[in-house]
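Okay, structure first, notes after.
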Amino acid sequence: MTSKFKIAYGAGVILLAALAAAVLGALVLKAIGASPLDTYVTIFTGPFKDVFGITEILVRAVPLILVGLGIAIAFRSGIINIGAEGQMLIGILAATATALALPGLPRYLLLTLVVLAGAIGGGLWAGIAGILRARLGVNEILSTVMLNYIAAQFYTFFLRGPMIDPGELETGSGTPQSMRLPESAILSHLIPGTRLHTGLILALVLCVCVYFFLWHTTFGFRLRAAGAEAKAARYAGIHVPGSLVMAMVLSGCFAGIAGAVEVTGVHHRAIENITSGYGFAGIVVALFGALHPAGIVPAAVFFGLLLVGSDMTQRSAGVPANMILVLQGVIILCIVSAKMYLNNAYTQERAARFFARFTAKAAPESTKDGGQS
Amino acid sequence: MTHGFVYNILLLGVPFSVALLLASLGEMFNQRAGVFNLGCEGIMCMGAFLGFLPPYFLKTGPLAPYGILIGFAIAMVAGIILGLLFALVTVTFRAEQGIAGIGLQMLGWGVAGTLFRHYVGGVTGVEGLAAWAIPGLSRIPFLGELLFNHNPMVYIAFLMVPASWYILFKTPWGLKVRAAGTAPRAADSMGINVNRVRYQALMLGGAMAGLGGAYLSLCQAKMFADDLVAGRGFIAVALVYFGRWNPVGIMGGALLFSLAQSLQLSIQVGGIKFPYEFAVMLPYVLVILVLSLTRKARMLGPSSLGIPYNREMRY
Amino acid sequence: MRTAAEPIRELRLEGITKRFPGILACNNISMQVSRGEVLALVGENGAGKSTLMNILAGLYQPDSGTITLNGREVRFHTPNDAYAHGIGMVHQNFMLVPNMTVTENVALGLKEHHRFMNLDLKSAKARIMEVSEHHQLPVNPDAHIWQLSVGEQQRVELIKTLCFGAQLLILDEPTSALTPQETDDLIDRLKRMTGELSIIFISHKLNEVKSLSDRVAILRHGAVVFNGQTADHTSADLAALMTGREIHLPRNEGLSLDGGVVLQARDLHVRGDRGHLALDGLDLELHAGEILGLAGVSGNGQRELAEALTGLRRVESGRVEFLDADMTNRSPASMIAAGLGYIPEDRHHEGIVPKFSVKENLVLKDFHTVKFSWWVVLKQSEIAHNAEALKASFDIRCSSTSAAGGSLSGGNIQKVILARELAREPKALVAVYPTRGVDMGAQEFIHSQLLARRRAGGGVLLISEELEEIMNLSDRIAVIYKGRILKVLNSLDATRERLGLLMAGVADE
Chain A
0 MTSKFKIAYG
10 AGVILLAALA
20 AAVLGALVLK
30 AIGASPLDTY
40 VTIFTGPFKD
50 VFGITEILVR
60 AVPLILVGLG
70 IAIAFRSGII
80 NIGAEGQMLI
90 GILAATATAL
100 ALPGLPRYLL
110 LTLVVLAGAI
120 GGGLWAGIAG
130 ILRARLGVNE
140 ILSTVMLNYI
150 AAQFYTFFLR
160 GPMIDPGELE
170 TGSGTPQSMR
180 LPESAILSHL
190 IPGTRLHTGL
200 ILALVLCVCV
210 YFFLWHTTFG
220 FRLRAAGAEA
230 KAARYAGIHV
240 PGSLVMAMVL
250 SGCFAGIAGA
260 VEVTGVHHRA
270 IENITSGYGF
280 AGIVVALFGA
290 LHPAGIVPAA
300 VFFGLLLVGS
310 DMTQRSAGVP
320 ANMILVLQGV
330 IILCIVSAKM
340 YLNNAYTQER
350 AARFFARFTA
360 KAAPESTKDG
370 GQS
Chain B
0 MTHGFVYNIL
10 LLGVPFSVAL
20 LLASLGEMFN
30 QRAGVFNLGC
40 EGIMCMGAFL
50 GFLPPYFLKT
60 GPLAPYGILI
70 GFAIAMVAGI
80 ILGLLFALVT
90 VTFRAEQGIA
100 GIGLQMLGWG
110 VAGTLFRHYV
120 GGVTGVEGLA
130 AWAIPGLSRI
140 PFLGELLFNH
150 NPMVYIAFLM
160 VPASWYILFK
170 TPWGLKVRAA
180 GTAPRAADSM
190 GINVNRVRYQ
200 ALMLGGAMAG
210 LGGAYLSLCQ
220 AKMFADDLVA
230 GRGFIAVALV
240 YFGRWNPVGI
250 MGGALLFSLA
260 QSLQLSIQVG
270 GIKFPYEFAV
280 MLPYVLVILV
290 LSLTRKARML
300 GPSSLGIPYN
310 REMRY
Chain C
0 MRTAAEPIRE
10 LRLEGITKRF
20 PGILACNNIS
30 MQVSRGEVLA
40 LVGENGAGKS
50 TLMNILAGLY
60 QPDSGTITLN
70 GREVRFHTPN
80 DAYAHGIGMV
90 HQNFMLVPNM
100 TVTENVALGL
110 KEHHRFMNLD
120 LKSAKARIME
130 VSEHHQLPVN
140 PDAHIWQLSV
150 GEQQRVELIK
160 TLCFGAQLLI
170 LDEPTSALTP
180 QETDDLIDRL
190 KRMTGELSII
200 FISHKLNEVK
210 SLSDRVAILR
220 HGAVVFNGQT
230 ADHTSADLAA
240 LMTGREIHLP
250 RNEGLSLDGG
260 VVLQARDLHV
270 RGDRGHLALD
280 GLDLELHAGE
290 ILGLAGVSGN
300 GQRELAEALT
310 GLRRVESGRV
320 EFLDADMTNR
330 SPASMIAAGL
340 GYIPEDRHHE
350 GIVPKFSVKE
360 NLVLKDFHTV
370 KFSWWVVLKQ
380 SEIAHNAEAL
390 KASFDIRCSS
400 TSAAGGSLSG
410 GNIQKVILAR
420 ELAREPKALV
430 AVYPTRGVDM
440 GAQEFIHSQL
450 LARRRAGGGV
460 LLISEELEEI
470 MNLSDRIAVI
480 YKGRILKVLN
490 SLDATRERLG
500 LLMAGVADE
């Protein structure tokens with residue numbers, strides 16, 4: 000089997016998966032009477048019409064990168080984290096509380112504390128699922144999903160009660176949201192007139208950190224060994240439950256940071272529906288980016304585009320916002336289906352032999368052609 | 000607490016358990032055959048939405064009396080189709096089941112929401128299924144009202160418990176399902192088509208999850224909303240662990256959850272001061288507790304749960 | 000289905016070829032079996048015997064080649080097709096559903112008894128009793144499989160295959176988990192069955208081949224290298240044909256180096272996975288500079304003993320002492336740090352991380368030491384150097400040390416594990432089935448490395464089910480039975496018969 004074939008094979012599988020995803024999405028679009036082609040064109044070209052659109056893609060990419068990194072750490076370590084949504088919410092609560100409690104601190108100190116608070120909040124929340132898995136063998140998928148529901152209720156409880164903006168109570172409108180963060184706790188803009196903030200730089204720096212952590216430190220070695228084959232890791236003296244908890248906590252930290260960055264960079268106060276599904280989209284980003292920081296960045300930009308683009312179709316073509324969930328679900332199904340064909344040496348070799356039959360028959364003809372020309 | 004208070008909790012609790020019970024029994028067949036289907040949530044969403052559509056559109060006209068029946072049928076068909084899709088992904092393509100389940104959940108939830116926004120728009124009620132008192136039995140004092148004066152789906156769901164037990168333990172198909180989930184290679188060597196059995200189990204599970212979803216919109220809420228299912232599909236999966244892959248245990252778990260839910264409702268109605276959010280949280284916390292306490296049970300589960308079968312894979 | 004099969008007069012395989020990724024498992028193989036004949040299929044591990052028989056049993060599809068039965072070509076797409084033609088296989092890893100009863104297991108395959116809504120267990124049971132009496136294979140049809148011993152499970156496998164109407168019986172290494180006496184008993188039973196059945200018997204134990212088979216076919220690297228009458232050839236001839244060269248497995252030279260005790264277990268009680276007491280008061284002493292062989296039928300606590308010694312399994316009561324320190328219930332990491340080496344049973348999942356590269360696998364136990372890391376940062380170049388050095392000295396065959404460990408052949412994976420463990424110069428080494436499933440060349444190499452470790456003053460606990468291996472290498476031999484050491488023999492006093500009786504739980508004297 001040649002390396003050329005391997006590349007062609009990989010590309011073929013990915014193309015087929017992408018095609019399958021596009022067709023399934025198109026079916027749903029047809030069902031609501033929208034034109035699939037127009038919708039896809041709007042999604043993929045609409046955001047590029049002006050600078051604002053392009054920066055919006057990056058604004059969406061920032062939390063996606065951060066959540067995706069966290070999820071990649073967890074998946075690589077053998078524990079599945081579906082709870083980024085809830086971890087973000089808890090991170091936002093912690094970050095907002097910190098910023099509101101210490102408005103007088105110098106800017107950089109406060110921002111550091113706020114992001115740290117977010118990380119700790121998200122990490123602890125994820126840690127619950129990690130410990131339950133390590134100690135009691137509780138399926139982490141189920142527990143993180145449940146913790147999402149619980150976190151959502153916590154979040155609204157705090158926004159309606161202890162953390163509600165006193166202004167809302169005075170005017171009597173009662174919108175569940177916190178006070179605006181102090182100016183010193185707000186990330187500055189990268190490009191004036193857009194929403195693009197310095198969180199992007201943080202996200203990219205953390206990408207490099209995660210790469211170094213996973214592949215060049217003993218901690219990363221431990222986590223990856225436990226994730227790749229827990230039994231062998233245990234037999235080699237690695238404390239697998241400990242590494243699961245550590246991976247989950249780290250994973251939650253990243254979701255928490257994403258939350259802190261989102262509140263300090265974009266919304267400037269804790270509001271309802273603040274996560275806009277980043278926690279789930281981050282799973283798709285991590286999978287699409289092959290659980291590697293170098294893949295997660297382009298994947299996050301791609302999904303940023305998808306998010307901005309589908310917002311536009313909602314406005315222009317009236318395609319409901321839920322459509323993005325459909326696309327994400329379909330993409331997940333296609334990625335995991337394609338994975339077996341990508342990684343499995345057995346199916347790869349079968350395909351190689353299948354195609355070799357055609358090339359073997361075609362070979363003499365092609366040499367003849369070559370001789371003539 | 001008065002006699003009436005407890006009685007009301009029980010009276011509410013029995014019908015509340017139906018959606019969970021149906022979905023969970025279906026999931027039991029999936030898991031017994033070796034497939035872990037977290038997409039149950041997504042299938043329930045689709046079932047709830049599609050089940051709701053026929054009575055919504057057929058408010059008048061010759062088919063109006065059959066709207067609900069058609070709704071249940073469509074929900075089951077949708078469940079079977081989604082079960083087939085999941086089977087294609089996890090059995091034929093041998094994808095990782097946990098993540099694929101989340102994908103199916105997003106898909107089902109997303110499609111239901113998208114179609115709902117487009118075809119219905121806002122929250123609208125439907126008539127729903129009326130209670131049908133079983134003649135005679137419903138006259139038994141106390142118990143009659145409690146057990147024999149519900150909508151017909153309640154009776155069907157509870158009859159499914161012994162039926163599932165019989166299918167699983169007393170029919171050749173049940174034997175095949177159990178073998179496919181525990182020792183697929185052995186089953187294969189005896190000429191059982193493991194993947195076909197898994198496909199069948201996923202179709203059955205899908206049909207039951209769809210039915211459970213339709214029960215929510217047609218009998219329980221009598222309307223549809225985006226977040227109607229609200230994690231019941233995931234709870235159904237957790238109940239399978241709680242019930243130790245056994246129909247009777249699963250029924251106990253479903254009743255436990257529905258009683259907790261009706262207790263929470265009664266507390267709110269009773270005016271006891273308790274933050275609303277914490278009341279809503281209760282079932283989810285309960286799931287985590289239940290999962291934490293069933294550690295031992297996992298040893299009894301199907302040993303090949305979650306592992307795709309590939310005859311020619313050597314390691 | 001069962002009744003429909005016509006008698007097998009002659010079965011022919013012609014030009015069977017089958018590939019797996021990276022391996023040509025069967026290369027143009029042809030052979031035939033006639034009614035009432037016993038064909039022994041002999042070859043080293045990895046020679047392609049099991050693959051070939053899985054093709055015959057309908058589990059694998061050949062890439063090319065034909066199977067003809069009584070002169071007509073047949074195709075087996077599933078095991079059902081094979082059974083329908085009267086071919087049944089008893090696999091090396093028993094194909095039984097552990098949490099079902101014997102009857103349920105048989106009923107699973109008896110399709111003609113399946114009714115839509117009714118499982119006919121009664122007629123399945125009747126069929127079992129009929130076969131059991133006819134072939135004198137006693138069995139309790141209501142027992143759950145997990146309750147049965149290995150020997151009983153094998154009987155169930157045989158009965159099951161016969162119940163499905165097999166006339167040609169394929170037996171894949173049927174004696175590998177049996178004591179010598181159970182083996183003799185099985186061979187007697189099989190001989191009696193040849194009146195009505197044909198048998199293909201896979202083995203690499205030549206004495207069994209000699210005593211049971213009429214004809215023998217030898218496979219090497221997926222091809223038939225010999226096919227002839229068993230009676231015409233000696234065991235030595237067959238052995239040479241099997242390996243393709245003269246193999247002289249190294250032997251223990253006998254000069255016992257009397258070192259002190261390095262590792263010992265005292266009154267050890269340990270629970271198995273099912274919660275039963277797998278070790279029930281076990282005492283064992285391993286000295287420096289000796290190889291202590293642990294003989295026993297698998298499932299008598301070997302696995303639990305190895306795991307308890309290495310800190311992987313909790314000890315209920317009793318003590319584990321290593322280098323005179325009490326190490327009971329210490330973590331695996333502290334056992335490793337103290338200098339205990341371990342070659343685990345399942346090399347693909349316990350020995351290496353298959354997705355990790357060879358070089359990463361070679362530092363799996365040492366990546367955090369100062370040699371391979373600075374503070375928390377890995378020294379990649381040091382790790383690569385280490386791998387190159389070990390690759391050369393242990394003759395690890397891989398395209399590069401960056402290749403995934405799982406992509407290597409079984410023998411080479413075992414060499415990676417051996418290299419990692421021996422490079423750490425362990426004071427004591429627990430080796431569980433170290434040569435299971437590897438070819439003779441690798442076996443020779445592994446044996447000489449274990450002996451070298453002994454010469455260097457390390458203690459080696461060799462757990463094996465191959466009596467020959469144990470008798471060749473050990474200074475002393477301990478026999479384990481039902482979680483206790485029944486007896487410890489000097490290897491000079493040990494004979495096959497004596498060990499066999501002890502393995503069956505018959506204490507001598």
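Residue numbers (numbering that gives the first Met the number 0), protein chains in the order written: chain A, 0 to 372; chain B, 0 to 314; chain C, 0 to 508.
Positions of the beta carbon are idealized from the N, C-alpha and C atoms, including for glycine.
Computed from a predicted structure; not experimentally measured.
Counterpart residues of residue i in DSSP-defined beta bridges
{"i": "A:Leu201", "result": "In the DSSP output, where bridge partners are listed per residue, A:Leu201 has none listed."}
{"i": "A:Met245", "result": "None, per the DSSP bridge assignment."}
{"i": "C:Thr65", "result": "C:Glu13"}
{"i": "C:Glu284", "result": "C:Gln263"}
{"i": "C:Trp373", "result": "C:Val376"}
{"i": "C:Gly227", "result": "C:Val215"}
Contact check, residue i vs residue j, beta carbons under 9 angstroms
{"i": "C:Ile7", "j": "C:Gln180", "result": "no"}
{"i": "B:Gly102", "j": "B:Ser302", "result": "no"}
{"i": "B:Leu201", "j": "B:Gly41", "result": "no"}
{"i": "A:Val40", "j": "A:Val325", "result": "no"}
{"i": "A:Ala118", "j": "A:Thr263", "result": "no"}
{"i": "C:Gly108", "j": "B:Gly173", "result": "no"}
{"i": "A:Gly255", "j": "A:Gly67", "result": "no"}
For residue i, three-class secondary structure by DSSP
{"i": "A:Glu228", "result": "coil"}
{"i": "C:Ile169", "result": "strand"}
{"i": "B:Gly305", "result": "coil"}
{"i": "C:Arg126", "result": "helix"}
{"i": "C:Lys358", "result": "helix"}
{"i": "B:Val13", "result": "helix"}
{"i": "C:Tyr59", "result": "coil"}
{"i": "B:Trp131", "result": "strand"}
{"i": "A:Asp310", "result": "helix"}
Residue-chain proximity (residue i, chain B), Cβ-Cβ < 9 angstroms
{"i": "A:Gly32", "result": "yes"}
{"i": "A:Gly288", "result": "no"}
{"i": "C:Thr242", "result": "no"}
{"i": "A:Arg159", "result": "yes"}
Chain A within 9 angstroms of residue i, Cβ atoms only
{"i": "C:Asp80", "result": "no"}
Closer than 8 angstroms: residue i CB and nearest the ligand COA heavy atom
{"i": "C:Ala332", "result": "Annotation note on the ligand COA: not contained in the displayed structure, which lists no ligands."}
Of the listed residues the options, nearest to residue i (C-alpha basis)
{"i": "C:Asn489", "options": "C:His348, C:Ala503, C:Ile469", "result": "C:Ile469"}
{"i": "A:Ile330", "options": "B:Pro53, B:Ile98, B:Met43", "result": "B:Ile98"}
{"i": "B:Met105", "options": "B:Asp225, B:Leu10, B:Gly242", "result": "B:Asp225"}
{"i": "C:Gln413", "options": "C:Tyr432, C:Gln60, C:Arg114", "result": "C:Tyr432"}
{"i": "A:Lys3", "options": "A:Pro35, A:Arg356, A:Ala351", "result": "A:Ala351"}
Residue-chain proximity (residue i, chain C), Cβ-Cβ < 9 angstroms
{"i": "B:Ile306", "result": "no"}
{"i": "A:Lys230", "result": "yes"}
{"i": "A:Arg233", "result": "yes"}
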